[in-house]
Amino acid sequence: MKQAMQTNEPTLLERLFRGDKVLWITAAVLAVISVLVVYSSTAKMAYAASTARTSAHFLRDQIIILILSVAVLMVVYHINSRVYNYFSRWIYLLFLGLTVAVYFLGHSTNGAARWIPILGFNLQPSEGLKVATILFLARQLASRQKVIQKLRIVPSLNPIRWREKEQKAIWREGTWPILVPMVASCLVIFPAHTSSAVLVFATSLVMMLIGRVRLQELAKIVGLAVVGVFLIMTLNLGRSATAGGRVDTWIDLWTEDRTEIPVTDLSDTECSMIAIHNGGWVGKGAGQSAMRVEMTHPESDYAYAFFVEEYGVIMGLVLLMLYLWIFFRAILIFEGCGTAFPGLLVLGLALLITSQALLHIMVTLNLIPETGQTLPLISRGGSSTLFTAIALGMILSVSRQNEEQSHDKPKDQNLTEKV
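In this note's numbering, the protein residues as written are 619 to 1037.
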């Protein structure tokens, strides 16, 4: 009997890595791919650097970022989801404030202020705000599950009516707690990174759909968003000119004959498509990329194309499936949750990661205009890698609690119906 009990005791690795094992392996594989991509793709940067830096220098930086991110992931993973729920409001306000502050205190690149120096580290707070918005929205939707299908979120478009009792109730119960945080996040992210604002909006909208918000309210939000984008583009606000230029370039690539244009004059997207074509089914081999010299940012904005050129279309498809697998595993974790908050949190974060990866990949294939979205956990960069690790840590934390059956079950958040 004692031997049987000893056999059933979990090992040290099992105690450290509880939860969804497939998701743990997926995260580890993506981290390894990141090392391969950054080491080879930064050869151009090392050659062009004014200081005596080599690819090993950039590789060392990336490994340090990965080690830091894994450490943060492990800390987040061991925190109970009820803690995220409790502090979600303050986390959201913190990153909202930092994202606003970056326009006054941050570094500017290509006319967009994005980074703020904190403790010697250049932090991109908009990356944190994306995660914080999902976290806060999960809390707000979960706490209203009893009334969510009757709740109105969008108030009257006539400000004069806002003083009416019915409209005050809409603002108090739906607009302020759900709609305003989402809109505020999109507005403060938009001037620096338009595609990230769109990503946050789309992910929040899907979370509302999963959280059983009325379809009429979702239709109103989409309609107002379309009108808002039209006004922004008409008034040329934020980075509208940049976004418009990227759309024009995207259209030109589909409609114009560019076969006679020299390689040095091709756009990054055209170079990425050539890189994918050059890779073939099995790739040219590690360190053998030719197009990395022609692309501006092969280590970040076009990491997928660079990966396919060196490792082939087959491995590119495997990489794509890894990102899709994150969302599929999140669905399984969601189904194991007994309450709305952890379930909504997991699906929202997984959707954020997978959607960002799909946007990045579609840009390299010229299916959509350039967005500047990095490939999560693979592209070179500190903030994106760090907050992707935090998001994965939260997902794994919920999966661990599913395994331990340690979720709280507050009465107003029970999933009496599938969310």
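Beta carbons: idealized from backbone N, C-alpha and C, even for Gly.
DSSP places residue 707 within a helical segment (H, G or I) once states are collapsed to three. In terms of Cα proximity to residue 647, the closest of 948, 688 and 658 is 688. Of the residues assessed, residue 854 falls on the exposed side of the cut-off, its CB having fewer than 16 other CB atoms within 10 angstroms. The three-state secondary structure of residue 877, taken from DSSP, is coil. Among the bridge pairs identified by DSSP, residue 741 is matched with 734. For residue 852, the enclosing alpha helix (DSSP H) covers residues 833 to 853. With distances taken between CA atoms, residue 993 lies nearest to 974 out of 974, 1004 and 932.
When secondary structure is reduced to three states using DSSP, residue 811 falls in the coil class, being assigned neither helix nor strand. With distances taken between CA atoms, residue 880 lies nearest to 889 out of 872, 873 and 889. For residue 794, there is no enclosing alpha helix (DSSP H), as DSSP gives it neither H nor E. Counting other Cβ atoms within 10 Å of its Cβ, residue 720 reaches 16 or more and is therefore classed as buried. With 16 or more other Cβ atoms from the protein chains shown falling within 10 Å of its own Cβ, residue 710 counts as buried. Residues 652, 653, 656 and 998 of the same chain have their beta carbon placed closer than 7 Å to that of residue 680, with the five preceding and five following residues left out of the count.
Bridge pairing for residue 725: 733 [DSSP].
For residue 773, the secondary structure class from DSSP, reduced to helix, strand or coil, is coil. Take residue 925, set aside five residues on each side of it, and the residues of its chain with a beta-carbon closer than 6 Å to its own are 655, in chain order. For residue 913, no alpha helix (DSSP H) encloses it, and the DSSP letter there is neither H nor E.
Using a Cβ distance threshold of 8 Å, residue 823 and residue 836 count as a contacting pair. Residue 765 carries a coil assignment under DSSP once its states are collapsed to helix, strand and coil. DSSP places residue 906 outside any alpha helix (DSSP H), giving it a letter other than H or E.
Under the three-state reduction of DSSP, residue 635 is assigned to coil, being neither helix nor strand.
Close CB contacts of residue 795 within its chain, under the 7 Å cut and outside five residues either way in sequence, are with 758 (chain order). Nearest to residue 769 by C-alpha distance, out of 1000, 697, 760 and 744, is 760. For the pair residue 722 and residue 893, the Cα-to-Cα distance works out to about 39 Å.
With contact defined as three or more Cβ pairs closer than 8 Å, the region 894 to 905 and the region 928 to 939 are in contact.
Comparing alpha-carbon positions, the option among 870, 638 and 629 lying closest to residue 950 turns out to be 638.
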